[in-house]
Structures are given as C-alpha cells and as structure tokens.
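Residue numbers (the working numbering): 68 to 405.
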C-alpha cells in the first residue's frame, strides 16, 4: 500500500486538529499563534508530557518518533561528552555557556524533549540571551513543534538586532575542526526552515535573505543558498532563483555541507541526480540530498517522481534531519489536499 493511501485517514484527522487549534487560538508558545501559520505542529503541541519517555514526538504523518539509534562507539562518545557537560553545569549552574552545552549534548543523545526543558530553564535564568531561544527553537523543529520554533527564533532575531555576530562553536566538529556557522546565520537559517515547513514561503524567503547576508563562508553560503533557491522556486520566482546560483561553482572550499553544494550544482545543470543522491545512504546528508532531488523533480514538472522520493525519505530512520522534516511536511500537504 502506498504511503499516500495508508495515511489518508490520519492526515484528515490531523487536519481537523490543525483547524481546531487555529480556531481556538491554541499556541505552543503561550501567546497568539504566528499570523502566517499555515500548518500547525501536530497534536503533541498540546500535551508533550503525555508521550512515553522514549517517544520524542509524533510526526505529521502520525508516526511515533523515538530516540534515534546509534552505534555503540558513537553512543559512548556522546555519553562521555554529556557527562563532562553535566559536570560543568553542576559546578556552575548560573553559567549560560554551561547550560547551553548541557542542552546541546542532551540533544545529541537524541533526547530532544529533555533538551527543550533545559533551554526553557535557561530562558528563565537568561531571558535576554538569544542563544537560548536559538537552540530551543532548533529542537522545537526536531519535535515538530513548528509554531513554538517560529516564536522562539523570532524572539532570538529581535535580540540580535544591532549586535555583532559571533562564531558558534560546533558540538560535533567537522574534519578540519573549523566552525562554519555563526549565531546570527543559524537563527535566520532555522527560522527560514520553520516557516518553510509550515508552507509560509514568503516569510521563509525573508528569513533566508537575512541568513544569506550573514553567511560568510562557503559552507554556510551553500546551505542557505540551497533553501533560498528552493523557496524561490516554490514561489515561482525563477529569475531570482537563477541569480542565487551564480556565485556557486565546483571549486568552492566546502568543508561539511557537500550535499547542499552538490545540489546547487545539480540545479545549475552541472551534476546529474545520480551524482548527488545515493538512495542507499541512510544519513542526515542523504536525507538532505534526497529532499533536494525531490524538489528538483517537482519544479521540473515530474510530480510522480518527486512524491515517490518524498515517500522514500520518510521511510528512512533520519527523522530528525531537516530534509526528512521538510519531506514529511510536503507529504502532509499533499495528503491533506487529496
């Protein structure tokens, strides 16, 4: 049975819940829901605490999302790093850096709900620290709480206005141990993604334009350009989308965002889809590449191929990957409109 037919009853039920949420003014962030919200997070926005401990969220398609698996070696390394972060926090509980790292290390273990609780405590202690909202907003995206993510990331964007940007240290260092993103680029990047998965492409466009303005290295440039390009294509702005591709070339010194780099070259006509996406690659990068290729099919009129690829992505294990989340949101809209 295809995923489209399999989930039709579930999506219809979710659509009713989404509509009811909008009518009642329910908002995961405590105040009014974002005025441009089009696809609500899911029913878990209302009662996250009702989920079993090892369940992190319910997907837009009704799937139960549990703590991701990891190899014993990777798990041990993450646990060791978490233990160090916990010791630092216990020694200095009022230090915002210590709290942020405890939250990040908790998220790397796959416990996104606990990470959200940690960052929420950080916001109570440090209400004007944009980093708290940036990291909690990221994990709201992971747990499909998109309205909350928008609220947090918009607040973070307000707090950084007029401030100097700062390099954001990597929790999982790349091959050269060189951080490739900044606080401001990450805030705008994640805000753009939250709007994108909600289907509010106009607001996503504004956020990605802000992000591109502070994307000061090849890695951040290709990552933001990828989402900016896809947003423009969704809006039908083909000339502007083509302009995004002009600075992109095969000789760029990209350290970790190779999937996005190769996708942009595909959009330019310099790569084949088979060069960019390996259907056997069950990784975060594989989900990103697959989603980009699905969109490439979609805006070139191959909707059947696009839908089949979206279904294949959400059948993988990478449910916390941005490519997976975007594929899930697209399928939700396809099913809700069927």
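Glycine included, each C-beta is placed from N, C-alpha and C at the ideal position.
The DSSP assignment places 250 to 265 as complete runs of the alpha helix (DSSP H) inside the region 240 to 273, in order along the chain (cut-off: 4 residues). Per DSSP, residue 315 is not a residue of any alpha helix (DSSP H), being assigned neither H nor E.
For residue 124, DSSP records a beta bridge to 132. Residue state for residue 217 is assigned as helix, using DSSP reduced to three classes. In the three-state reduction of the DSSP assignment, residue 360 falls in the helix class, which pools H, G and I. For residue 170, the enclosing alpha helix (DSSP H) stretches over residues 163 to 175. Contact check for residue 251 against residue 232 passes: the beta carbons are separated by less than 8 angstroms.
Here the region 336 to 344 does not lie against the region 295 to 302, with fewer than 3 beta-carbon pairs under 8 angstroms apart.
A distance of 8 angstroms or more separates the beta carbons of residue 197 and residue 169. Counting along the chain, residue 194 sits inside no alpha helix (DSSP H), nor does DSSP assign it H or E at all.
Rounded to the nearest angstrom, the gap between the Cα atoms of residue 369 and residue 271 is 24 angstroms. In the structure shown, residue 321 adopts coil according to DSSP, grouped into three states. Our two residues, residue 126 and residue 171, have alpha carbons roughly 22 angstroms apart in a direct line.
About 16 angstroms separates the beta carbons of residue 332 and residue 294, which is beyond the 8 angstroms limit, so they are not a contact pair. Between the region 264 to 281 and the region 341 to 354, the count of Cβ pairs shorter than 8 angstroms is below three; the stretches do not touch.
Just so you know, the alpha carbons of residue 383 and residue 135 end up roughly 11 angstroms apart. Residue 313 and residue 210 have their C-alpha atoms some 35 angstroms from each other.
Straight-line measurement puts the Cα of residue 371 at about 10 angstroms from the Cα of residue 377. Measuring C-alpha to C-alpha distances from residue 161 to each of 264, 403 and 189 identifies 189 as the nearest. By alpha-carbon distance to residue 285, the top candidate from 249, 265, 306 and 193 is 249. Contact check for residue 354 against residue 388 passes: the beta carbons are separated by less than 8 angstroms. Cβ contact annotation for residue 174 (same chain, cutoff 7 angstroms, sequence separation greater than five): 182 and 206, in chain order.
Per DSSP, the beta bridge partners of residue 234 are 249. For the 8 angstroms CB-CB criterion, residue 254 and residue 223 form a contact. In this structure, 386 is the residue among 309, 221, 386 and 364 with its C-alpha nearest to the C-alpha of residue 130. The three-state secondary structure of residue 153, taken from DSSP, is helix. Separation of residue 192 and residue 393 (C-alpha to C-alpha, rounded to the nearest whole angstrom) is 33 angstroms. In the same chain as residue 145, and ignoring 5 residues on each side of it, the C-beta atoms closer than 8 angstroms to its own belong to 137, 172, 175 and 176, in chain order. Taking all protein chains in view, the Cβ of residue 247 is crowded by 16 or more other Cβ atoms within 10 Å, so the residue is classified as buried. Around the Cβ of residue 143, a 10 Å sphere holds fewer than 16 other Cβ atoms; the residue is exposed. The C-beta of residue 305 has fewer than 16 other C-beta atoms within 10 Å across all chains shown, which makes the residue exposed.
In this structure, the alpha-carbon of residue 157 lies about 9 angstroms from that of residue 166.
CA-to-CA, the gap between residue 277 and residue 154 works out to about 37 angstroms.
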